[in-house]
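Colleague:
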DNA sequence: TTGAAAGCGCTAACAC
DNA sequence: GTGTTAGCGCTTTCAA
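Chains as they are written, first to last, in full-length UniProt numbering: chain A, 1 to 337; chain B, 1 to 337.
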């Protein structure tokens, strides 16, 4: 691979001049010099070493994203949006995944930072508060995606999860349901989970329905736990006539759980899931779900980060809240009398 | 952010010594010096600038992947495997997507190369032969993933697509089907598509079934074209009693197409799809598909690339061929008499 | 309009 | 054991 010196030598000029054409600073350059350099570059198939440029310019034109769980198809869709916006803006993208582990999240952040990426999109585990505070201190640009933390004043792209849960719970209530179960992954510090439970409770409260804690199931993260949880819930004396599932994986496990309990969907029990995909309408039964604008989340968070990186002086952080949408299909029916 | 000079100054030593402890070359260093440096590093919260290290060491410990189409959930699964193996081996990962465009693929490759990533995993559009040849010339390490090209002697991770198509076509024939339709995206130079058509034809041939070109539908890439293609095929005088779909997106479109044609799956027409996911068994009907080891493809291609990068002298390129598996569910029935 | 020289943050050969 | 020095490939003053 040829370098700037090779080009300079071949063109018979100094490397400063070559650098000028690399960076498009021709204004005061003779056409002759310029052409000589251009020709030499072509001949050597030269293209500048981005690493060296970055070291000097102190910017890599690359951002990093840290996902909590790359397994969830929801994040693939988000990633697609991130990727697209990066491409459009001429940025590179480094991807990593924390697997919901605080420690790995921390390492990933540190590694990416050392690689000098210009900014970070973080779908945080919700912990690591100290680290985030120190990033803020250093004025290192980052945005939170989908999940916020206790730390206020961070640019964030988020979906209205209270609304999503409220809408779907209300929809079930409107159909006549009173015993509505909800399945969640452990709340920990994760705002979407907390908010979805909150929205569920709010809807019940507004409608004067007592909260039954047996109908709130916290499933273990990641291992088919939703199937068992569903069966347990359906074995309850106060068996729910409807279930609200708060995660893509859980949606599938609830469907399996209901079948295993020997019950029929939606005749015996109604179901609303979370997140929407092209295949959801083709499930048996076609699932009513809360749809989140995943792709848009990716695009918006990237745009927000890039904007933040570009502005020299601190501007007031922005919280972009997107709205979920209830996709009504045929997995809900009024309860049997 | 502190740099190596700050540490050296604070510890009262030269930066060579600091560099030594960064790189773990303590053997001949006094404990005293070492401790002074360690303390200074901690105090300044120092961590080395990877960019500068890379420029000097001529290796970035980062690889790049170029996907043809990040939209397909299949690639999310592959990416998961790539990500995991990168993590395990201490490599960073840069992700880009060509959207099946030759020109964008080329730009992506060039950009990543300029960013000095140590190697590339390429799920190629199948064109860009000249570029690949020049990479080979420069001894720049890359592996092909899922698709191969005319260029021989490239490390490649691939799935046996002929077998996948043959297995599923044979399965349909065994059920008594003779009129079997196949849906494909444009073959262009894409080996999996070519091979799947080949496998389909081979199975027919072995069983003495004449190929009917009306039953081979090439759908336009990416726009619901599969729905129309299915309807057209089902309107044929020699209407197929079974359909073989060769892509995740097409699977869904065929299901929709059959419904729109007023036909029932699997009673009126059997269907085998390609690629498997947790939600496939929950579709209506539970879909029989050819399952590809997507995650494993990601892991294996990464491992192969890293191995290739590490060996100094050229070793004979390796083709890793993985096997697909037919996941039999209930979307196929013997044809009506 | 162009070139010389310093320096981005680090490593490594060499000298002591 | 430790420091000096040159240099990775580039950009950017500054001077000519």
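Here a beta-carbon is modelled for each residue, glycine too, at the ideal position from N, C-alpha and C.
Small disclaimer: the values here were computed from a predicted structure and weren't measured.
In the DSSP assignment, find the alpha helix (DSSP H) that holds residue 256 of chain A and state where it starts and stops.
Modeller: Looking at the DSSP string, the run of the alpha helix (DSSP H) that includes residue 256 of chain A is 248-260.
Colleague: Apart from the five residues on each side of it in sequence, which residues of its chain come closer than 8 angstroms, Cβ to Cβ, to residue 82 of chain A?
Modeller: Only 65, 93, 121, 298, 299, 301, 302 meet the Cβ criterion.
Colleague: Tell me, please, whether the segment 215-231 of chain B touches the segment 177-193 of chain B by the rule of three or more beta-carbon pairs shorter than 8 angstroms.
Modeller: Yes, since at least three Cβ pairs between the segment 215-231 of chain B and the segment 177-193 of chain B fall closer than 8 angstroms, the two stretches touch.
Colleague: Starting from the Cα of residue 168 of chain B, find the closest Cα among B:291, B:30, B:22 and give me that residue.
Modeller: When each option's Cα is compared against that of residue 168 of chain B, the closest is B:291.
Colleague: Any beta-carbon of chain B closer than 7 angstroms to the one on residue 95 of chain A?
Modeller: Output row for residue 95 of chain A: interface = yes.
Colleague: Quick one, which residues of the segment 256-270 of chain A are near chain B if we go by CB-CB under 7 angstroms, in chain order?
Modeller: Here the close residues number zero.
Colleague: If you measure beta-carbon to beta-carbon, which residues of the segment 267-297 of chain A are closer than 7 angstroms to chain B?
Modeller: So the close ones are 278, 279, 282, 283, 284.
Colleague: Using a beta-carbon distance cut-off of less than 7 angstroms, what residues from the segment 33-55 of chain B approach chain A?
Modeller: Listed by position along the chain: 47, 48, 49, 50, 51, 52, 54, 55.
Colleague: Measure the beta-carbon distance from residue 162 of chain B to residue 242 of chain B and round it to whole angstroms, keeping in mind my assumption that it falls under 8 angstroms.
Modeller: So it is not a contact: roughly 19 angstroms between Cβ atoms.
Colleague: Spatial neighbours of residue 196 of chain A within its chain, please: C-beta separation below 6 angstroms, excluding the five flanking residues on both sides.
Modeller: Only 161, 165, 246 meet the Cβ criterion.
Colleague: Interface residues of chain A around residue 114 of chain B at Cβ under 7 angstroms?
Modeller: Result: 47, 48, 49, 50.
Colleague: Taking one C-beta from the segment 100-110 of chain A and one from the segment 106-120 of chain B each time, how about it: are there three or more such pairs within less than 8 angstroms?
Modeller: Too few Cβ pairs lie closer than 8 angstroms, so no.
Colleague: Below 7 angstroms CB to CB, which residues in the same chain sit around residue 100 of chain B once its five sequence neighbours on both sides are set aside?
Modeller: These residues qualify, in order along the chain: 68, 69, 125, 221.
Colleague: Mind listing which residues of the segment 61-72 of chain B have their C-beta closer than 8 angstroms to chain A's C-betas, in chain order?
Modeller: The segment 61-72 of chain B vs chain A, Cβ under 8 angstroms: 62, 70, 71.
Colleague: Which residue comes first and which comes last in the alpha helix (DSSP H) that contains residue 68 of chain A?
Modeller: Counting along the chain, residue 68 of chain A falls outside any alpha helix (DSSP H), and DSSP gives it neither H nor E.
Colleague: For residue 341 of chain A, count the other beta carbons within 10 Å of its own beta carbon; 16 or more makes it buried, fewer makes it exposed. Which is it?
Modeller: The requested residue 341 of chain A is not part of the displayed model; chain A covers only 1 to 337.
Colleague: Taking only beta-carbon positions, decide if residue 80 of chain A is within less than 7 angstroms of chain B.
Modeller: Yes, residue 80 of chain A lies at the interface with chain B (some Cβ there is under 7 angstroms from its Cβ).
Colleague: What residues in the segment 169-184 of chain A bring their beta carbon closer than 8 angstroms to a beta carbon of chain B?
Modeller: Listed by position, the residues of the segment 169-184 of chain A near chain B (Cβ gap below 8 angstroms) amount to none.
Colleague: Can at least three beta-carbon pairs, one atom from the segment 254-273 of chain A and one from the segment 229-242 of chain A, be found at a separation below 8 angstroms?
Modeller: The answer is yes - the segment 229-242 of chain A touches the segment 254-273 of chain A, with three or more Cβ pairs under 8 angstroms.
Colleague: Going by alpha carbons, who is nearest to residue 97 of chain A out of A:123, A:118, A:116, A:130?
Modeller: When only C-alpha atoms are compared, the closest one is A:123.
Colleague: Under 8 angstroms, with one C-beta from each stretch per pair, do the segment 7-19 of chain B and the segment 38-53 of chain B reach the 3-pair mark?
Modeller: Verdict: yes, contact present.
Colleague: Given this structure, state the Cα-to-Cα distance separating residue 58 of chain B from residue 279 of chain A, to the nearest angstrom.
Modeller: Rounded to the nearest angstrom, the two C-alpha atoms are 46 angstroms apart.
Colleague: Whose C-beta lies closer than 7 angstroms to the C-beta of residue 73 of chain B among residues of the same chain, with five residues either side of it excluded?
Modeller: The residues are 248, 277.
Colleague: What does residue 89 of chain A touch in chain B if you count any residue whose Cβ is under 7 angstroms from its own?
Modeller: Those within 7 angstroms of residue 89 of chain A in chain B number zero; the least Cβ separation is about 13 angstroms.
Colleague: Looking only at its own chain, which residues have a Cβ that is under 7 angstroms from the Cβ of residue 90 of chain A, when we skip the five neighbours before and after it?
Modeller: Same-chain partners within the cutoff: 61.
Colleague: Just curious, the alpha helix (DSSP H) that residue 74 of chain A is in, first and last residue?
Modeller: First-last of the alpha helix (DSSP H) with residue 74 of chain A: 73-89.
Colleague: Between which two residues does the beta strand (DSSP E) holding residue 325 of chain A run?
Modeller: Note, residue 325 of chain A: beta strand (DSSP E), 325-327.
Colleague: Assuming residue 94 of chain B is part of the beta strand (DSSP E), what are its boundary residues?
Modeller: First-last of the beta strand (DSSP E) with residue 94 of chain B: 92-97.
Colleague: Spatial neighbours of residue 227 of chain A within its chain, please: CB distance less than 7 angstroms, with the 5 preceding and 5 following residues excluded, ordered by chain position.
Modeller: So the list reads 253, 256, 257, 260, once near-sequence residues are dropped.
Colleague: Using a Cβ-Cβ cutoff of 9 angstroms, what residues of the segment 202-224 of chain A are near chain B? List them in chain order.
Modeller: Of all residues in the segment 202-224 of chain A, none has a Cβ within less than 9 angstroms of some Cβ in chain B.
Colleague: Considering only residues of the segment 93-153 of chain B, which uninterrupted beta strand (DSSP E) runs meet the minimum length of 3 residues and lie entirely inside it, listed in chain order?
Modeller: DSSP runs (the beta strand (DSSP E)) wholly in the segment 93-153 of chain B: 119-122, 142-145.
Colleague: Hey, residue 146 of chain B and residue 192 of chain B are a contact pair by Cβ (cut 8 angstroms); roughly how many whole angstroms apart?
Modeller: At roughly 6 angstroms, the Cβ-Cβ gap stays under 8 angstroms, so residue 146 of chain B and residue 192 of chain B are in contact.
Colleague: Hey, quick one: how far does the alpha helix (DSSP H) through residue 321 of chain B stretch, first residue to last?
Modeller: Careful: residue 321 of chain B lies outside any alpha helix (DSSP H), inside the beta strand (DSSP E) at 319-322.
Colleague: Using 8 angstroms for Cβ pairs, my map puts residue 318 of chain A next to residue 304 of chain A. What's the rounded Cβ distance?
Modeller: Indeed they touch by this definition, with Cβ atoms about 7 angstroms apart.
Colleague: Can you tell me where the beta strand (DSSP E) holding residue 230 of chain B begins and where it ends?
Modeller: Premise fails: residue 230 of chain B lies in the alpha helix (DSSP H), 225-234, not in any beta strand (DSSP E).
Colleague: Residues of chain A with CB closer than 8 angstroms to the CB of residue 92 of chain B, please, in chain order.
Modeller: The contacting residues are 94, 96, 111, 112, 115.
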